[in-house]
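Enquirer:
Protein chains in written order, with full-length UniProt numbering: chain A, 1 to 128; chain B, 1 to 280.
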């Protein structure tokens with residue numbers, strides 16, 4: 001059976017809180033997992049006191065070496081778990097939104113750079 | 001105390017010139033005519049609060065030391081420092097202050113002024129105490145009357161008295177806000193020389209500073225052990241934990257995460273939900 005690294009939702013209504021767990025893929029979401037690797041609190045906390053220009057932050061507790069072990073033996077992270085694990089460098093990011101956006105911008109600017117070659121001729125035509 | 005406060009107020013008003021009103025009388029401090037027992041109590045003036053903040057935050061004095069120096073209770077010093085810090089943060093963030101409101105409210109209340117010792121006219125003047133700072137707080141365990149039979153041959157000290165009320169209750173000497181003042185008086189009574197007392201006081205102060213520094217270092221070390229990943233809207237802060245802490249049955253108290261097979265006790269009797277502590 002496939003072993004997955006996934007999130008199990010605990011917490012209350014409008015106050016989500018997740019356990020990052022290692023569990024068999026076909027067991028219920030909140031059933032007893034093989035192991036609890038950590039927690040993920042998706043509600044952003046305000047900047048710490050004394051931190052004038054601080055940013056809000058999300059609290060994640062994770063046993064990094066253990067997560068690395070489970071990946072090594074073939075556990076399959078869910079998309080969300082993949083995103084979290086890639087932040088600490090256990091996995092390569094799955095969706096590189098920033099990179100894709102960068103590529104789009106680069107392609108756009110490349111396409112625009114093609115146009116100015118035509119523009120001067122148009123302007124010269126106007127002048128004459 | 002009140003007389004000196006009035007005197008300072010009069011001097012201040014004379015200096016400002018534009019004070020068209022005479023200083024307030026006791027009758028003026030009774031804002032509710034039907035309630036004859038209510039008197040407005042003095043509040044800290046803006047300058048005094050600024051001075052307290054500077055003494056604690058800039059000079060690094062302990063709260064207890066600032067409390068003794070300004071004659072303001074420990075709790076009030078702590079509150080002033082926290083609120084001033086918040087105010088400075090807001091100013092740095094470009095938020096606007098409700099200054100007209102604060103000024104209007106402060107004008108309606110008697111204030112404890114700040115005696116700036118750096119000014120030449122204040123030479124030799126002592127700060128005006130805002131309140132009594134070394135009052136023993138009544139512990140709930142000591143509210144009952146006790147009759148404890150004690151053998152005449154036995155010494156019954158304050159430590160024993162504390163224990164008679166509750167086993168872990170400290171004696172009154174340790175529960176007062178400023179035991180170091182009593183200590184200083186004891187040294188004076190013991191006939192120690194000025195240099196000797198100064199040396200002892202400095203030793204105590206150094207010990208406190210050392211402790212404070214160690215606490216600060218521990219907090220910094222904890223923050224440094226966190227791994228922060230900045231993303232677009234917020235930072236993701238990772239704390240490395242160990243799955244071993246959960247123990248064999250996965251229910252260890254140090255274990256991380258929501259526990260399995262264990263009811264959530266938030267509706268149980270006696271669960272405190274009001275925050276008892278604010279991070280400062």
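Even glycine gets a Cβ: it sits at the ideal position worked out from N, Cα and C. What you are looking at is a predicted structure, and each value in this text was computed from that prediction instead of being measured.
Please decide whether residue 227 of chain B counts as near chain A, where near means a Cβ-Cβ distance under 8 angstroms.
Expert: The sequence position of residue 227 of chain B within the second chain is 227, counting from 1. By this cut-off, residue 227 of chain B is an interface position.
Enquirer: Can you find a CB in chain A that lies within less than 8 angstroms of the CB of residue 135 of chain B?
Expert: Position 135 of the second chain, counting from 1, holds the residue named residue 135 of chain B. No - not a single Cβ of chain A is within 8 angstroms of the one on residue 135 of chain B.
Enquirer: I'd like the span of the beta strand (DSSP E) that includes residue 21 of chain A, first residue to last.
Expert: For the purposes of this step, residue 21 of chain A is identified with residue 21 of the first chain, where counting begins at 1. Residue 21 of chain A -> beta strand (DSSP E) spans 15 to 24.
Enquirer: Just to make sure I have the definition right: I need the residues of chain A whose C-beta is within less than 7 angstroms of the C-beta of residue 89 of chain B. Which are they?
Expert: Start at 1 with the first residue of the second chain, and residue 89 of chain B comes out as number 89. 52, listed in chain order.
Enquirer: Could you give the DSSP three-state label for residue 57 of chain A: helix, strand or coil?
Expert: By 1-based counting over the first chain, the position of residue 57 of chain A is 57. The answer is strand: DSSP assigns residue 57 of chain A an E or B state.
Enquirer: Could you tell me which chain A residues have their CB closer than 8 angstroms to the CB of residue 236 of chain B, listed as they occur along the chain?
Expert: In the second chain, counting from the first residue as 1, residue 236 of chain B sits at position 236. Near residue 236 of chain B (Cβ distances below 8 angstroms), the residues of chain A are 57, 58, 60, 84 and 87.
Enquirer: Find out if the Cβ-Cβ distance for the pair residue 243 of chain B, residue 36 of chain A is shorter than 8 angstroms.
Expert: Numbered from its first residue, the second chain carries residue 243 of chain B at position 243. Numbered from its first residue, the first chain carries residue 36 of chain A at position 36. Yes.
Enquirer: Shorter than 8 angstroms from the beta carbon of residue 1 of chain A to some beta carbon of chain B?
Expert: The residue labelled residue 1 of chain A in the question sits at position 1 within the first chain. No, its Cβ sits nowhere closer than 8 angstroms to a Cβ of chain B.
Enquirer: Please give me, in chain order, every unbroken run of the beta strand (DSSP E) with length at least 3 that falls completely inside the stretch 81 to 113 of chain B.
Expert: Entirely contained in the stretch 81 to 113 of chain B, not one beta strand (DSSP E) run reaches 3 residues.
Enquirer: Taking the alpha-carbon positions, what's the residue 45 of chain B to residue 38 of chain A distance?
Expert: Taking the first residue of the second chain as 1, we reach residue 45 of chain B at position 45. Taking the first residue of the first chain as 1, we reach residue 38 of chain A at position 38. Each residue's Cα considered, the two are about 49 angstroms apart.
Enquirer: Report all residues from its chain with a CB closer than 6 angstroms to the CB of residue 31 of chain A; omit the five preceding and five following residues, and keep chain order.
Expert: Working through the first chain from its first residue, we reach residue 31 of chain A at position 31. Excluding positions up to five away in sequence, the list is empty.
Enquirer: Quick check on residue 9 of chain A: does DSSP put it in helix, strand or coil?
Expert: One-based indexing of the first chain puts residue 9 of chain A at position 9. Residue 9 of chain A: strand per DSSP, three-state reduction.
Enquirer: Quick one: what does DSSP say residue 208 of chain B is sitting in, helix, strand or coil?
Expert: On the second chain, position 208 is the one that residue 208 of chain B refers to. If DSSP states are grouped into helix, strand and coil, residue 208 of chain B belongs with the helices.
Enquirer: Is the beta carbon of residue 19 of chain A sitting closer than 8 angstroms to the one on residue 258 of chain B?
Expert: Looking up residue 19 of chain A in the first chain gives position 19. Looking up residue 258 of chain B in the second chain gives position 258. Taking 8 angstroms as the Cβ cut-off, residue 19 of chain A and residue 258 of chain B qualify as a contacting pair.
Enquirer: Quick check on DSSP: helix, strand or coil for residue 166 of chain B?
Expert: For this step, residue 166 of chain B is matched to residue 166 along the second chain. In this structure, residue 166 of chain B counts as coil in the three-state DSSP scheme.
Enquirer: Between residue 93 of chain A and chain B, is any beta-carbon pair separated by less than 8 angstroms?
Expert: Walking along the first chain from the start, residue 93 of chain A turns up at place 93. No, because no Cβ of chain B sits closer than 8 angstroms to the Cβ of residue 93 of chain A.
Enquirer: Can you pull the DSSP bridge partners for residue 76 of chain A?
Expert: Counting from one through the first chain, the residue named residue 76 of chain A turns up at place 76. A:4.
Enquirer: Does any residue of chain B bring its CB to less than 8 angstroms from the CB of residue 25 of chain A?
Expert: Sequence index remark: in the first chain, residue 25 of chain A carries index 25 (1-based). By this cut-off, residue 25 of chain A is not an interface position.
Enquirer: Which whole-angstrom value describes the C-beta separation of residue 55 of chain B and residue 64 of chain B, a residue pair presumed to lie in contact below a C-beta threshold of 8 angstroms?
Expert: Along the second chain, read from residue 1 onward, the residue named residue 55 of chain B stands at position 55. Along the second chain, read from residue 1 onward, the residue named residue 64 of chain B stands at position 64. Going by Cβ atoms, the distance from residue 55 of chain B to residue 64 of chain B rounds to 12 angstroms, so no, they are not a contact pair.
Enquirer: Classify residue 193 of chain B as buried or exposed, calling it buried when 16 or more other Cβ atoms lie within 10 Å of its own Cβ.
Expert: As a position in the second chain, residue 193 of chain B is number 193, starting the count at 1. When all chains shown are included, residue 193 of chain B counts as exposed.
Enquirer: Find the residues of chain A that neighbour residue 242 of chain B, judging by a C-beta separation of less than 9 angstroms, and give them in chain order.
Expert: For the purposes of this step, residue 242 of chain B is taken as residue 242 along the second chain, with counting starting at 1. By Cβ distance, chain A contributes 63, 65 and 66.
Enquirer: Give the secondary structure of residue 9 of chain B by DSSP, where H, G and I count as helix, E and B as strand, and everything else as coil.
Expert: As a working note, residue 9 of chain B is residue 9 in the second chain. Three-state result, residue 9 of chain B: helix.
Enquirer: Just to check my reading of the structure: residue 181 of chain B and residue 107 of chain B have Cβ atoms closer than 8 angstroms, yes? What is that Cβ distance to the nearest angstrom?
Expert: Numbered from its first residue, the second chain carries residue 181 of chain B at position 181. Numbered from its first residue, the second chain carries residue 107 of chain B at position 107. Residue 181 of chain B to residue 107 of chain B, Cβ: 35 angstroms. No contact.
Enquirer: In terms of residues, what are the limits of the alpha helix (DSSP H) holding residue 183 of chain B?
Expert: By one-based count along the second chain, residue 183 of chain B stands at place 183. It spans 179 to 189 - the alpha helix (DSSP H) in which residue 183 of chain B sits, taken as one unbroken run.
Enquirer: Drop a sphere of 10 angstroms on the beta-carbon of residue 147 of chain B, count the other beta-carbons inside from all chains shown, and report buried for 16 or more, exposed for fewer.
Expert: For the purposes of this step, residue 147 of chain B is taken as the residue at position 147 of the second chain. When all chains shown are included, residue 147 of chain B counts as exposed.
Enquirer: Do we get a CB-CB distance below 8 angstroms when we pair residue 39 of chain A with the residues of chain B?
Expert: Residue mapping note: residue 39 of chain A aligns to position 39 of the first chain, counting from 1. Yes, its Cβ sits closer than 8 angstroms to a Cβ of chain B.
Enquirer: Do residue 24 of chain B and residue 110 of chain B have their C-beta atoms closer together than 8 angstroms?
Expert: Reading the second chain from its first residue, position 24 is the one you call residue 24 of chain B. Reading the second chain from its first residue, position 110 is the one you call residue 110 of chain B. Yes. Within cutoff.
Enquirer: Can you tell me whether residue 142 of chain B is helix, strand or coil according to DSSP?
Expert: Residue numbering aside, residue 142 of chain B sits at position 142 when the second chain is read from its first letter. Reduced to three states, the DSSP call for residue 142 of chain B is helix.
Enquirer: So, with DSSP's three-state summary, where would you put residue 31 of chain B?
Expert: Working through the second chain from its first residue, we reach residue 31 of chain B at position 31. Looking at residue 31 of chain B - three-state DSSP - the assignment turns out to be coil, as it is neither helix nor strand.
Enquirer: Is residue 99 of chain A buried or exposed, if buried means 16 or more other CB atoms sit within 10 Å of its CB?
Expert: If you number the first chain from 1, residue 99 of chain A lands on position 99. Counting Cβ neighbours within 10 Å, residue 99 of chain A comes out exposed, since fewer than 16 surround it.
Enquirer: Chain A partners of residue 260 of chain B, CB-CB under 7 angstroms?
Expert: The count along the second chain starts at 1 and reaches residue 260 of chain B at position 260. Neighbours of residue 260 of chain B on chain A, chain order: 32.
Enquirer: Drop a sphere of 10 angstroms on the beta-carbon of residue 81 of chain B, count the other beta-carbons inside from all chains shown, and report buried for 16 or more, exposed for fewer.
Expert: The residue you call residue 81 of chain B lines up with position 81 of the second chain. Buried is the call here.
Enquirer: Say whether the stretch 53 to 72 of chain A touches the stretch 221 to 237 of chain B, bearing in mind that this needs 3 or more beta-carbon pairs closer than 8 angstroms, one atom from each stretch.
Expert: Output reads yes: the stretch 221 to 237 of chain B touches the stretch 53 to 72 of chain A.
Enquirer: If you count every other CB in all the chains shown that lies within 10 Å of the CB of residue 129 of chain A, and 16 or more means buried, which is it?
Expert: Outside the shown range of chain A, which is 1 to 128, sits residue 129 of chain A, and nothing can be said about it.
Enquirer: If distances are taken between C-alpha atoms only, which option among A:41, A:110 and A:28 comes closest to residue 14 of chain A?
Expert: Taking the first chain and counting its residues from 1, the one referred to as residue 14 of chain A is at position 14. Ranking A:41, A:110 and A:28 by Cα distance to residue 14 of chain A puts A:41 first.
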